[in-house]
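Chemist: To start, I am sharing the structure in question, which I have written as structure tokens.
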Amino acid sequence: MKKKSSKMTDAPESELPETSIPDAAIRERIAVKAYDLYERRGSSHGLDIQDWLEAEALVLAEVKKETKSRKVSSAAETEARVLGAMRRRDEGAGPGAILGRS
Numbered sequence: 879m880k881k882k883s884s885k886m887t888d889a890p891e892s893e894l895p896e897t898s899i900p901d902a903a904i905r906e907r908i909a910v911k912a913y914d915l916y917e918r919r920g921s922s923h924g925l926d927i928q929d930w931l932e933a934e935a936l937v938l939a940e941v942k943k944e945t946k947s948r949k950v951s952s953a954a955e956t957e958a959r960v961l962g963a964m965r966r967r968d969e970g971a972g973p974g975a976i977l978g979r980s
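Read in order, the letters of the sequence shown are residues 879 to 980 in this note's numbering.
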């Protein structure tokens with residue numbers, strides 16, 4: 879008997895966004911989005927799999943965008959901290975202090 883995978887999709891791992899969001903939270907977002915799609919279609923039955931797959935694609939794209947945005951803002955924050963530390967170190971110091979001389 880084949881063991882059931884805990885993955886939420888059969889997409890290769892390289893296509894899935896790297897995220898710290900737990901799988902359960904992502905599945906919940908997909909379920910909410912799928913239900914929203916179902917209601918937008920007039921609550922007609924029989925397209926639940928289509929709704930789920932469309933919701934999954936939308937949510938994974940959102941998560942990927944959120945993750946990318948977090949990485950960019952994190953990099954910008956790190957750069958700002960480093961530049962700030964360099965400025966503070968150099969404030970009021972003459973050329974000798976920058977070169978490690980008194």
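Glycine included, each C-beta is placed from N, C-alpha and C at the ideal position.
If I'm right that lysine 911 touches valine 937 with Cβ under 8 Å, what's the distance once you round it to whole angstroms?
Modeler: 6 Å
Chemist: Run the CB neighbour count on aspartate 995, radius 10 Å, all protein chains shown included, and call it buried at 16 or more, exposed below.
Modeler: No statement about residue 995 is possible, as the shown extent of the chain runs from 879 to 980 and does not include it.
Chemist: Tell me the DSSP secondary structure of arginine 919 in three-state form.
Modeler: coil
Chemist: In three-state DSSP terms, what is glycine 924?
Modeler: DSSP places glycine 924 outside both helix and strand once states are collapsed to three, so it counts as coil.
Chemist: Is it buried or exposed for isoleucine 981, if we count other Cβ within 10 angstroms and need 16 for buried?
Modeler: This structure does not reach residue 981, given that the chain is present from 879 up to 980, and the question cannot be answered.
Chemist: Would leucine 915 and alanine 933 qualify as a contact pair, given that the criterion is a beta-carbon distance under 7 Å?
Modeler: yes
Chemist: Would you tell me roughly how many angstroms separate the C-alpha atoms of arginine 905 and glutamate 917, rounded to the nearest one?
Modeler: 18 Å
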